[in-house]
Amino acid sequence: MKISPMDIQRQGFNRRFRGFDSDEVQAYLALVAEEVAALQREHDDLEHQVRHLQLIVDEHREREGILRNTLLTAQKASDDIRETARKQADAVVKEAELQADKLLELAQSRAHEVERGILDLRAQRTALRTDIRALITRLTSLLDLQEEAELEDNLRFLKRREEAGGRG
77 MKISPMDIQR
87 QGFNRRFRGF
97 DSDEVQAYLA
107 LVAEEVAALQ
117 REHDDLEHQV
127 RHLQLIVDEH
137 REREGILRNT
147 LLTAQKASDD
157 IRETARKQAD
167 AVVKEAELQA
177 DKLLELAQSR
187 AHEVERGILD
197 LRAQRTALRT
207 DIRALITRLT
217 SLLDLQEEAE
227 LEDNLRFLKR
237 REEAGGRG
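For the sequence shown, the working numbering assigns the number 77 to the initial residue and increments by one for each residue that follows.
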């Protein structure tokens, strides 16, 4: 059973011979009612703060999921590029082997071209890896900066709110 401050103030008692001082009882009940009201306000404020902080946590979890998905997408793109480069290199090597069997005189020349192609593809693959890693680093830094800015905004909001609450 919940007891409100108003219930405490309105509580009546039967009078008995040599009972308690009625004024003293009423004064004490008023004091208890004020304390219960203050505790109830504090409880309500804390519940509000918990709901607000839960919203902030939920937002951060959502951002974390977005960041995780972004990183997974970048990794998949990197893997796809690597696989494509590998397949291209394999195709070039296979073609070189077939032509070497058919045209013995051109084999030497064609083999050098294939090697240059593989080196170019590897250089491209290395450059693409570097570019993708740099992009991931930039994206991570941007997300970190955004998250930090949002945290600072939230802290400023909470401080302003706390200062406003302290004045009220």
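Even glycine gets a Cβ: it sits at the ideal position worked out from N, Cα and C. Every value quoted in this text rests on a predicted model; they were computed, and no experiment measured them.
- A172 sits buried, since 16 or more C-beta atoms from the chains shown fall within 10 Å of its C-beta.
- With distances taken between CA atoms, R192 lies nearest to V169 out of R214, I212, V169.
- Here A240 is exposed. Its C-beta has fewer than 16 other C-beta atoms within 10 Å.
- Closest in alpha carbon position to Q164, among V190, S185, A203, R137, is V190.
- Using a Cβ-Cβ distance cut-off of 8 Å, the stretch 85-100 and the stretch 127-135 are not in contact, since fewer than three pairs of beta carbons, one from each stretch, lie closer than that value.
- In the three-state reduction of the DSSP assignment, I79 falls in the coil class.
- Distance between G88 and M82, taken at the CA atoms: about 12 Å.
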